[in-house]
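> My numbering applies: residue 351 is where the sequence shown begins, and numbers increase by one. Yeah, the Cβ is synthetic: ideal placement off N, Cα and C, and Gly gets one too.
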Amino acid sequence: MRNYHWLGLFTLVTLVLAGAAIGRIFKLPNGEGIYLTLLVTALIGWWIGRRNTRQEERS
């Protein structure tokens, strides 16, 4: 694997663990904290993808 693949994998694992920690702080079950973090990450990725598509159309 290339270095940026490892960086992306590390980032995703860090986000999932952060979601579990945030879920513990707000007294959510472990699965819900991880689920909410993955949902927020997916929404951010979708938003960035739409933004990049719009910028390519303008060029």
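Quick one: grab the DSSP three-state call for R352.
R352: coil per DSSP, three-state reduction.
> To the nearest angstrom, report how far apart L386 and G373 are at their CA atoms.
Spanning the two alpha carbons is a distance of roughly 9 angstroms.
> Taking all protein chains shown into account, decide if G399 is buried (16 or more other Cβ within 10 angstroms of its Cβ) or exposed.
It is exposed - the Cβ of G399 has fewer than 16 other Cβ atoms within 10 Å.
> With DSSP run on the structure shown, which of helix, strand or coil describes F376?
Correct three-state label for F376: coil.
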